[in-house]
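S.K.: Structure incoming, see below.
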Amino acid sequence: MRPSRRTTLLSAALLAATAVTPVAVARADAGPPGRRRLTVPGAERQQVSRHPDLTTAALTGTPYTEQADWAGLHAQGTRNPTGVPGVQIDGCFPDTSRLNVLHGWNHDAQFVIRLPDDWNGKLVVTGAPGVRRQYAMDFLVSDWVLAQGYAFAATDKGNSGPDFYTDGDRPGDALAEWNRRTTQLTRAAKAVIAQHYGHTPRRTYMTGISNSGYLTRWQLENHPELYDGGVDWEGPLWRPEGPNLFTFLPTAVARQLGRADDEAMYRAGFAPGSEFLWPYHEQVYWGLTQKTYRAAFDPGYDPVCPGTSAGSTPAEIFAPCASDAAYDYASRPRRVHDAVSRVSLTGRIGRPLITLHGTLDSLIPIAVQSDVYARMIADRGRARMHRYYRIEDGNHVDGLYDTFPDRLRPILPCYRTAFTALTAWVEHGEEPPPSRTVPRPASGDPVNEGSLD
Numbered sequence: 001m002r003p004s005r006r007t008t009l010l011s012a013a014l015l016a017a018t019a020v021t022p023v024a025v026a027r028a029d030a031g032p033p034g035r036r037r038l039t040v041p042g043a044e045r046q047q048v049s050r051h052p053d054l055t056t057a058a059l060t061g062t063p064y065t066e067q068a069d070w071a072g073l074h075a076q077g078t079r080n081p082t083g084v085p086g087v088q089i090d091g092c093f094p095d096t097s098r099l100n101v102l103h104g105w106n107h108d109a110q111f112v113i114r115l116p117d118d119w120n121g122k123l124v125v126t127g128a129p130g131v132r133r134q135y136a137m138d139f140l141v142s143d144w145v146l147a148q149g150y151a152f153a154a155t156d157k158g159n160s161g162p163d164f165y166t167d168g169d170r171p172g173d174a175l176a177e178w179n180r181r182t183t184q185l186t187r188a189a190k191a192v193i194a195q196h197y198g199h200t201p202r203r204t205y206m207t208g209i210s211n212s213g214y215l216t217r218w219q220l221e222n223h224p225e226l227y228d229g230g231v232d233w234e235g236p237l238w239r240p241e242g243p244n245l246f247t248f249l250p251t252a253v254a255r256q257l258g259r260a261d262d263e264a265m266y267r268a269g270f271a272p273g274s275e276f277l278w279p280y281h282e283q284v285y286w287g288l289t290q291k292t293y294r295a296a297f298d299p300g301y302d303p304v305c306p307g308t309s310a311g312s313t314p315a316e317i318f319a320p321c322a323s324d325a326a327y328d329y330a331s332r333p334r335r336v337h338d339a340v341s342r343v344s345l346t347g348r349i350g351r352p353l354i355t356l357h358g359t360l361d362s363l364i365p366i367a368v369q370s371d372v373y374a375r376m377i378a379d380r381g382r383a384r385m386h387r388y389y390r391i392e393d394g395n396h397v398d399g400l401y402d403t404f405p406d407r408l409r410p411i412l413p414c415y416r417t418a419f420t421a422l423t424a425w426v427e428h429g430e431e432p433p434p435s436r437t438v439p440r441p442a443s444g445d446p447v448n449e450g451s452l453d
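My numbering numbers the first residue of the sequence shown as 1 and each following residue consecutively.
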């Protein structure tokens with residue numbers, strides 16, 4: 001099965017962020033009477049508003065979430081809680097790039113902070129997966145954690161859309177900013193929580209999917225003092241010596257252009273049995289991902305493609321660069337490897353971490369990504385702080401489950417179980433199940449029910 005034109009165009013809107021019309025920000029209030037005005041430390045702009053319900057069920061269609069940011073990440077039929085009153089802060093930190101058009105601000109480093117009235121004393125921080133924006137985790141994470149009483153904070157990472165690689169002055173700057181913006185928001189959110197509730201959060205958790213899974217890993221390695229633990233859902237692995245995206249995506253591009261066969265794909269790390277997913281990924285993911293990330297770290301390899309923009313139409317945006325079919329990361333100059341080193345992971349986590357990854361992930365293959373990261377953590381002597389669950393028949397995003405319900409299973413139910421297991425581990429010393437491959441359930445509701453057994 002191949003994706004429909006409608007699905008492909010929707011993906012273009014999600015990844016390119018070109019189909020979203022800027023909206024005017026509604027007049028905000030200062031929160032409940034008698035409570036002093038909230039101030040986000042370091043913010044250049046902020047908008048405080050009160051809502052009877054902070055979940056996507058109520059905010060969709062308003063300026064306080066953006067459905068294009070989170071559409072396609074979950075399976076149809078996913079049930080989310082609703083009815084969480086509280087305060088939302090939308091804003092941005094000072095930045096020179098203008099890739100995020102939301103709110104008509106044309107300003108990057110945008111964030112959202114949500115403060116439920118019935119607070120449990122804890123904070124969840126995340127960032128945008130892929131090259132989406134600050135509302136991308138609203139449906140997967142925000143709705144669910146808000147209903148449990150967590151405060152929630154998310155960042156657009158400082159750049160977004162297919163032209164994210166144009167941000168910065170030197171190779172690697174765009175991705176290095178992702179980590180800095182996450183740290184910045186975490187500190188600011190804690191300060192806002194202290195203003196609003198009277199004390200800082202008792203617990204802070206970092207979490208995310210895809211690129212925000214990478215952010216989770218990096219934060220727990222580099223700023224463990226800010227967090228109590230994290231759940232990483234298929235974060236990409238960056239290492240200067242490899243593996244990284246550039247050690248397997250060029251093979252996928254070569255296959256897309258008819259220059260590599262299935263055996264070459266298996267050698268690159270793509271899982272046997274995932275072939276039915278490849279036509280979709282070659283239309284939507286492989287070419288775009290390789291060319292834009294390569295431009296972020298190695299702009300000199302092909303200065304013309306993608307050039308100053310990845311494109312203005314879906315066809316242009318998703319089209320691969322022909323030169324990438326021959327891209328050989330190992331032979332590239334030292335400066336390229338040094339650029340990757342700036343954002344690389346080491347496995348030296350400083351807080352408990354749970355990792356989930358689908359065995360049929362056809363964007364960042366599990367064998368050369370999370371399998372390797374789990375070994376890195378063990379090699380650093382941190383295995384006692386890590387649990388790794390390989391989710392059988394899981395793909396990179398749950399949205400494709402609706403197209404292949406007989407071949408895939410959503411990961412979100414397992415993610416929610418994992419998050420609950422993490423908090424019990426951190427707060428009560430309850431050990432999660434041992435690391436394992438989690439089999440696909442034979443019965444039940446795979447969209448809303450999941451375990452780690």
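Ideal placement from N, C-alpha and C gives every residue a C-beta, glycine not left out. Since we're looking at a predicted model, the values are computed, not measured.
Under 8 Å: do the stretch 117-124 and the stretch 144-164 share three or more Cβ pairs, one atom per stretch?
M.R.: With the cut-off at 8 Å, the stretch 117-124 and the stretch 144-164 touch.
S.K.: Keeping to the same chain, check which residues put their C-beta closer than 7 Å to that of Glu-65; ignore five residues upstream and five downstream.
M.R.: Reading the sequence as shown, one finds Thr at residue 65 and not Glu. So the list reads Thr-56, Leu-59, Tyr-135, Asp-138, once near-sequence residues are dropped.
S.K.: Going by Cα to Cα distance, which pick from Arg-255, Asp-173, Ala-75, Glu-316 is closest to Ala-339?
M.R.: If we check each option's Cα against that of Ala-339, Asp-173 comes out closest.
S.K.: So for Gln-184, helix, strand or coil by DSSP?
M.R.: If DSSP states are grouped into helix, strand and coil, Gln-184 belongs with the helices.
S.K.: Taking 8 Å as the threshold, find out whether the stretch 266-273 comes into contact with the stretch 365-378 through three or more Cβ pairs.
M.R.: Yes, the stretch 266-273 is in contact with the stretch 365-378.
S.K.: Where DSSP assigns a beta bridge to Met-206, which residues make up the other side?
M.R.: Paired residues: Val-125, Gly-230.
S.K.: Three or more C-beta pairs closer than 8 Å, one from the stretch 282-290 and one from the stretch 315-327: is that the case here?
M.R.: As far as the Cβ criterion goes, the stretch 282-290 touches the stretch 315-327, which means the pair count is three or higher.
S.K.: Quick one: grab the DSSP three-state call for Arg-114.
M.R.: DSSP places Arg-114 in strand when its eight states are reduced to three.
S.K.: Count the other CB atoms, across all protein chains shown, that sit within 10 Å of the CB of His-428; report buried if there are 16 or more and exposed otherwise.
M.R.: Under this definition His-428 is an exposed residue.
S.K.: Report the partner residues of Arg-50 according to the DSSP bridge assignment.
M.R.: DSSP output for Arg-50 lists Val-87 as bridge partner(s).
S.K.: I'd like the ranges of any alpha helix (DSSP H) spanning at least 4 consecutive residues and lying wholly in the stretch 286-315.
M.R.: Runs found: 286-297.
S.K.: Identify whether Arg-387 lies in helix, strand or coil by the three-state DSSP scheme.
M.R.: Arg-387 falls in the strand class under three-state DSSP.
S.K.: What are the partner residues of His-357, as DSSP defines its beta bridges?
M.R.: Looking at the DSSP assignment, His-357 forms a beta bridge with Arg-390.
S.K.: Alpha carbon to alpha carbon, how far is Pro-41 from Ala-188? Give it in angstroms, no decimals.
M.R.: If I take the Cα positions, the gap works out to 5 Å.
S.K.: In this structure, how does DSSP classify Ala-17 when only helix, strand and coil are distinguished?
M.R.: Any answer about Ala-17 is weak, because its pLDDT of 33 lies below 50 and its placement is not dependable; what the coordinates show is given next. Coil, per DSSP.
S.K.: Is the beta carbon of Leu-288 less than 8 Å from the beta carbon of Ala-310?
M.R.: Yes, they are a contact pair.
S.K.: Residue range of the beta strand (DSSP E) that Ala-153 falls in?
M.R.: That run of the beta strand (DSSP E) goes 151-155.
S.K.: With 16 as the cutoff for other CB atoms within 10 Å, does His-199 come out buried or exposed?
M.R.: Answer is exposed; the Cβ neighbour count stays below 16.
S.K.: Using beta carbons (cut-off 8 Å, strictly below), is Trp-278 in contact with chain D?
M.R.: Protein chains in the displayed structure number just one, and chain D is not present.
S.K.: Pick helix, strand or coil for Thr-346, following the three-state DSSP scheme.
M.R.: Reduced to three states, the DSSP call for Thr-346 is coil.
S.K.: Quick check on the DSSP output: the beta strand (DSSP E) that includes Arg-436 runs from which residue to which?
M.R.: Run containing Arg-436: 436-438, per the beta strand (DSSP E) assignment.
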